[in-house]
Amino acid sequence: MAETTKILVIRFSAMGDVAMVQPVLKEFTTAYPNTELLIVSRDLFRPFFEGMNSLSFHGIDPKGKHKGLFGLYRLFKELKAQNVTAVADLHNNLRSRILTTFFSLAGIRSATVDKGRQEKKMLTRKINKQLIPLALTVQRYADVFIKLGYPFNLKNTLQNPRPEALEPGILSPELADLLTAKQSAVKQTTSPSKWIGISPFAQHLQKVYPLHKLEEVLLALAGHGHQLFIFGGSAEEEKIAATWSGKHQNITTLVKKMKMADELRFISNLDLMLSMDSSGMHLASLKNIPVVSVWGATHPYAGFLGYGQSIADAVQTDLYCRPCSVYGNIPCYRGDFACMNNLPPQTVVDKVLHKLKHYKN
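The numbering of the sequence shown is my numbering, which starts it at 122 and goes up by one.
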């Protein structure tokens with residue numbers, strides 16, 4: 122009888138980075154259906170991996186029982202008890218390296234993602250910037266499994282979207298009726314009205330299109346008859362989205378309206394997502410929804426374009442200083458935030474309308 126293999130997959134955070142793991146694991150399980158996967162991440166991200174074959178999920182509690190060195194050792198004992206035979210470290214941070222060390226000492230082999238830190242420094246430096254596309258993050262994830270002896274070719278393509286139903290009571294009666302009408306109708310690519318998700322926020326301000334400009338985009342798209350749904354998470358974002366929602370009947374805020382699993386089901390019903398370089402892009406990719414993405418201080422060349430998404434759908438301004446950051450966490454050294462401020466709202470609107478016109482589900 123062949124030996125049962127179970128690969129532990131480590132990726133603790135952030136949301137977008139964890140979301141990018143899921144399609145890679147889907148392709149892996151297609152290539153190796155008899156190999157089990159055990160992913161360890163934050164419980165918030167559990168819905169990303171629901172329904173996947175040969176995969177189980179183990180939550181980490183970094184502020185509680187898995188805090189500190191002793192907490193990580195406790196986590197190691199929990200994971201080792203599940204008969205792990207190899208470790209794929211897709212995070213490469215201090216916690217994950219300590220965890221892989223514990224497994225190495227127990228005689229269990231591991232491989233760690235190469236984040237390309239030096240390449241990214243050359244991409245973002247001020248002088249002698251090397252503006253060349255680096256390996257996609259999803260490919261870097263796949264390469265870890267190749268190092269472990271599981272070669273496969275990452276397709277990195279979107280499949281046909283599969284709209285999912287939401288549980289009764291999740292949505293307001295008005296929104297539930299709207300969703301029912303959409304799901305009961307045959308989707309026609311020539312239909313004048315589309316459902317557009319809007320993910321306007323990001324962890325770092327250098328990745329956020331100025332909100333007054335985005336408001337112009339929303340009103341223009343709503344004026345074309347499209348239904349817009351705003352996604353976000355914080356209380357401040359909830360207030361901003363509510364203000365936009367009150368300015369046009371075709372704009373609806375979903376911020377803090379539903380749990381993650383239901384939000385993903387709702388996203389599966391969209392025709393397109395308009396997102397910053399943020400988790401919204403990657404959540405849409407999980408559901409095979411095309412994305413028009415807006416980039417400021419960061420750049421698709423750093424490798425964080427969503428799985429299956431096209432750089433042709435990225436909206437960005439060509440400037441000598443871009444990108445100045447990999448993650449958007451460094452303030453604009455020019456002081457004028459030209460990468461976003463010089464990007465006209467009509468450019469974003471035109472890109473969205475063009476994508477809606479030419480995309481075939």
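We put the beta carbon where it would ideally sit given N, CA and C, even for glycine.
No experiment lies behind these values; they were computed from the predicted model shown.
Kindly indicate which three-state DSSP category residue i falls into: helix, strand or coil?
i, result
"Val142", "helix"
"Asp210", "strand"
"Leu464", "coil"
"Gly318", "strand"
"Leu349", "strand"
"Gly192", "helix"
"Lys268", "helix"
"Ala323", "coil"
"Val559", "As displayed, the chain neither begins before 122 nor continues past 482, which places residue 559 out of reach and without an answer."
"Ser231", "strand"
"Thr373", "strand"
"Ala135", "coil"
"Tyr480", "coil"
"Thr310", "In this predicted model, Thr310 has a pLDDT of only 49, less than 50, meaning its place in the structure is not dependable; the value taken from the coordinates is given anyway. Three-state result, Thr310: coil."
"Ala256", "coil"
"Gln239", "helix"
"Met187", "One point to set straight first is that residue 187 is His, not Met, in the sequence displayed. Looking at His187 - three-state DSSP - the assignment turns out to be coil, as it is neither helix nor strand."
"Ala286", "coil"
"Val447", "coil"
"Thr151", "helix"
"Thr245", "helix"
"Tyr330", "coil"
"Ile291", "coil"
"His420", "coil"
"Gly455", "Here residue 455 is Arg; the residue named in the question, Gly, does not match the sequence. Coil, per DSSP."
Can the beta-carbon of residue i be found closer than 8 Å to that of residue j?
i, j, result
"Ala209", "Val130", "yes"
"Tyr428", "Ser406", "yes"
"Phe352", "Leu335", "no"
"Val234", "Tyr262", "yes"
"Ile410", "Met394", "yes"
"Phe250", "Leu257", "Looking at the sequence shown, residue 250 is not Phe but Lys. It is not a contact, given that the beta carbons lie outside the stated cut-off."
"Val265", "Asn277", "no"
"Glu285", "Ser389", "yes"
"Ser414", "Val436", "yes"
"Met379", "Ile291", "yes"
"His345", "Leu474", "yes"
Does residue i have its Cβ less than 8 Å from a Cβ in chain B?
i, result
"Lys368", "Of the protein chains in the structure, only one exists, and it is not chain B."
To the nearest whole angstrom, what separates the beta carbons of residue i and residue j, a pair I think is in contact under 8 Å?
i, j, result
"Leu349", "Ile319", "6 Å"
"Phe133", "His212", "6 Å"
"Asn174", "Thr206", "Incorrect: roughly 18 Å between the Cβ atoms, too far for contact."
"Phe178", "Gln143", "No, Phe178 and Gln143 are not in contact; Cβ-Cβ is about 11 Å, not under 8 Å."
"Lys241", "Val447", "5 Å"
"Cys453", "Leu440", "11 Å between Cβ atoms; not a contact."
"Pro331", "Asn462", "6 Å"
"Leu190", "Ile160", "Between Ile160 and Leu190 the Cβ distance is about 22 Å, and since that is not below 8 Å, they are no contact."
"Met141", "His403", "5 Å"
"Leu287", "Asp383", "6 Å"
"Phe224", "Tyr194", "Wrong, their Cβ atoms sit about 11 Å apart, outside the cutoff."
If you follow the beta strand (DSSP E) that residue i is in, where does it begin and where does it stop?
i, result
"Gly180", "176 to 181"
Spell out the partners DSSP gives residue i in its beta bridges.
i, result
"Met394", "Gly318, Val412"
"Arg163", "Ile181"
"Gln199", "According to the sequence as given, residue 199 is Glu; it is not Gln. Its beta-bridge partners do not exist; DSSP assigns none."
"Glu157", "Lys127"
"Ala435", "Ser414"
Would you mind reading off the limits of the alpha helix (DSSP H) that contains residue i?
i, result
"Ile128", "From DSSP, Ile128 is part of no alpha helix (DSSP H) but of the beta strand (DSSP E) over 127 to 131."
"Leu220", "215 to 226"
"Phe387", "381 to 388"
"His403", "400 to 407"
"Lys368", "Taken as a continuous stretch (DSSP letters only), Lys368 belongs to no alpha helix (DSSP H), as it is neither H nor E."
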